[in-house]
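There are 2 protein chains.
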Amino acid sequence: MRRIDWRLCFIADSEAAGGREILPLIVDAVEGGATLVQLRGKKWTSRKFLELGVQAVRFLRAEKIPLIINDRLDIALACEADGVHLGQDDLPIHYARKLLGKNRMIGISTSTLEEAEEAEKAGADYVGAGPVFGTLSKRDIGPLLGLEGLRAIREKVKIPILAIGGLTAGNVGEVISAGADGVAVISAIAAAANPKKAAAEIIESIKKHTGRGRGD
Amino acid sequence: MRRIDWRLCFIADSEAAGGREILPLIVDAVEGGATLVQLRGKKWTSRKFLELGVQAVRFLRAEKIPLIINDRLDIALACEADGVHLGQDDLPIHYARKLLGKNRMIGISTSTLEEAEEAEKAGADYVGAGPVFGTLSKRDIGPLLGLEGLRAIREKVKIPILAIGGLTAGNVGEVISAGADGVAVISAIAAAANPKKAAAEIIESIKKHTGRGRGD
Chain A
1 MRRIDWRLCF
11 IADSEAAGGR
21 EILPLIVDAV
31 EGGATLVQLR
41 GKKWTSRKFL
51 ELGVQAVRFL
61 RAEKIPLIIN
71 DRLDIALACE
81 ADGVHLGQDD
91 LPIHYARKLL
101 GKNRMIGIST
111 STLEEAEEAE
121 KAGADYVGAG
131 PVFGTLSKRD
141 IGPLLGLEGL
151 RAIREKVKIP
161 ILAIGGLTAG
171 NVGEVISAGA
181 DGVAVISAIA
191 AAANPKKAAA
201 EIIESIKKHT
211 GRGRGD
Chain B
1001 MRRIDWRLCF
1011 IADSEAAGGR
1021 EILPLIVDAV
1031 EGGATLVQLR
1041 GKKWTSRKFL
1051 ELGVQAVRFL
1061 RAEKIPLIIN
1071 DRLDIALACE
1081 ADGVHLGQDD
1091 LPIHYARKLL
1101 GKNRMIGIST
1111 STLEEAEEAE
1121 KAGADYVGAG
1131 PVFGTLSKRD
1141 IGPLLGLEGL
1151 RAIREKVKIP
1161 ILAIGGLTAG
1171 NVGEVISAGA
1181 DGVAVISAIA
1191 AAANPKKAAA
1201 EIIESIKKHT
1211 GRGRGD
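The structure is reproduced here in C-alpha cells:
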C-alpha cells in the first residue's frame, strides 16, 4: 500500500452537506488542505453514488489525494477508488478484503478499544475512532470515546487512527496529542461558511501539534 | 451460464414482507414452486443483507434454485449469489459485468421497449418488464406497460422476459400468453395468507399456459 497522509480526512456526506453540491465541497476541502477524502451517501441511488465516485476519483487522482468509499464495495470497485470505510453494520472485513484485494485500503469505524483491536487483528489498514467529542452530524451516537478512550486505543493499536466526532480547528490539537494520526471531519468543513478556509484552519492546527508524524 | 427455469421468480423484499421473516418466506415460496429467488432489501444494513444472502444461498443451492441479489453487487459477490438484478437507478450494466464476470446473471428492470432493447444490447441475461398491471407493492410506478407493451418487447427482445406488476394466479396466464418466460411476484406470495399455497397456485396457472417453454 502506498504511503498515506492521514492528517485530515474530509467525509463528503450527502446529508451533512445540506443543499450544497458534493463535488465543489470536495474541491474546497482539498484546496484548503484535506489529505484524504471519504465519500458517503446513504440516500443516493447506486448510480448517483457511482457517478459522484467517478467524478471525485478524476479530480482527486490528479491531486494525489486518496478516495475512500463508505460502505459500498461495489461502488469502490466500479469507480476504482483507493479503499472503503466500513462501519460495524457493514460487510465484515474478511469479506471486504476478499473482494478488494491487498491494494485497496480498508478502514473500520470503532468506538471502543475492543473494536479497534479486533479491526487491527482482522487486517484493517486504519481505524476511525470516536466519537471523541459530541457532534451535530450524527444523532444517537451512544457514549463518547473521549480523549482517554483515544489514548487507550493508541497504546494498543499500531495501525493509523483517524479520530472522529465533534472535531474543529479548536480541538484537533488535543486528539493529535492523544495519539491520533489524523482526524476525520464532516460538518466542520461541509457546514462551514467557508469550507476551504475551515479545512485550512484545521490542517494548520494539526501541523502545530505534529512533530515528524506519518504525514510530514 | 447454466439453464435457468424462469417461470416463477419470488422477490423476497424486506418491506413487502411486512413483519414476516424473509427466510421462512423463501422456503415457503420454493416449496410451493418458485423457480428463482431475488433478495431485495433497500433498508437492511449491508451486514444484515449479507447474512440473509449467505443463509438464502445455503438453502437455495441445495434446492438448485438460483439466487439473484437486488442492486448490491458487493453483496452478490460476497454471498456468492448467482446474479444481480439492477434497476435503472442502479449500476450501469457495463460496470456490473466487469465486476461480476460472465458466470453470474445480470437482470435489468425495464418499463419500456427502448429500455428492454438497450438492456439486451448491453448484455443483460434477462429483463424484468413491467409494471404489466397495477400493484400494491410499489407506489408511484408511473404508466403501466400492459399486455400490449409486453407483447411489443417480446417481438423485439430475444433474452428471457420476467413480467412484473400486479401478477396473481388469476392473471399470470395472460402474461405467459403474451410472451413472458415467467413472472416475478412480491406480495402475491409475501402477503398471502398461505405463501406456499399462493406460490403453488401461481406455478400451476403458469404450467397451464406454457407449452414446451424454457422451463419445461
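Going line by line, the protein sequences match chains A and B.
The first sequence begins at 1 in our numbering and counts up one residue at a time.
The second sequence begins at 1001 in our numbering and counts up one residue at a time.
Positions of the beta carbon are idealized from the N, C-alpha and C atoms, including for glycine.
Since the model is a prediction, treat every value here as computed from it, not as a measurement.
Helix, strand or coil at residue i [DSSP, three-state]
i	result
glutamine 1038/B	strand
leucine 1086/B	strand
arginine 1212/B	Note that arginine 1212/B scores a pLDDT of 43, beneath 50, so its modelled location is shaky and nothing firm can be said.
leucine 8/A	strand
aspartate 13/A	strand
alanine 163/A	strand
glycine 53/A	helix
leucine 150/A	helix
leucine 91/A	coil
glutamate 80/A	coil
proline 143/A	coil
arginine 1058/B	helix
alanine 1191/B	coil
isoleucine 1065/B	coil
glycine 1173/B	helix
valine 157/A	coil
leucine 1102/B	Before going further, note that residue 1102/B is lysine rather than leucine in the sequence given. Here lysine 1102/B sits in coil by DSSP.
lysine 1043/B	coil
alanine 178/A	coil
glutamate 1021/B	coil
arginine 1003/B	coil
Distance between beta carbons of residue j and residue i, contact taken as under 8 Å
i	j	result
alanine 124/A	glycine 107/A	6 Å
glycine 1032/B	lysine 1197/B	7 Å
glutamine 1248/B	leucine 1023/B	Examination of residue 1248/B is not possible in this model, given that chain B is present from 1001 through 1216 alone.
leucine 1008/B	valine 1183/B	6 Å
alanine 129/A	leucine 162/A	7 Å
asparagine 171/A	phenylalanine 133/A	7 Å
leucine 1144/B	proline 1131/B	5 Å
alanine 1169/B	isoleucine 1202/B	5 Å
Test item: CB-CB of residue i and residue j under 7 Å
i	j	result
leucine 1050/B	cysteine 1079/B	yes
alanine 1119/B	threonine 1112/B	no
arginine 58/A	isoleucine 11/A	no
glycine 173/A	serine 205/A	yes
isoleucine 189/A	alanine 29/A	yes
serine 177/A	histidine 209/A	yes
glutamine 38/A	isoleucine 4/A	no
aspartate 1089/B	threonine 45/A	yes
asparagine 103/A	histidine 85/A	no
alanine 116/A	valine 157/A	yes
alanine 1062/B	isoleucine 1093/B	no
proline 1066/B	leucine 1036/B	yes
One or two residues paired with residue i in a DSSP bridge
i	result
serine 109/A	Gly128/A
asparagine 1070/B	His1085/B
alanine 184/A	Cys9/A, Ile164/A
Interface flag, residue i vs chain D, CB-CB below 7 Å
i	result
leucine 1091/B	Judged by its chain identifiers, the structure shown contains no chain D, and its protein chains are A and B.
Residue i: CB within 6 Å of a non-hydrogen atom of the ligand NAP
i	result
glutamate 1201/B	Ligands displayed in this structure: none; no statement on the ligand NAP is therefore possible.
Which residues, in chain order, does the stretch 19-48 of chain A contribute to contact with chain B at a C-beta distance below 8 Å?
Thr45, Ser46, Arg47, Lys48
Any C-beta of chain A within less than 7 Å: which residues of the stretch 1075-1089 of chain B qualify?
Leu1077, Ala1078, Asp1089
Contact residues within the stretch 48-73 of chain A, judged by C-beta distance below 7 Å to chain B:
Leu50, Asp71, Arg72, Leu73
Going along the stretch 1096-1110 of chain B in order, which residues come within less than 7 Å of chain A, judged by CB to CB distance?
Leu1099
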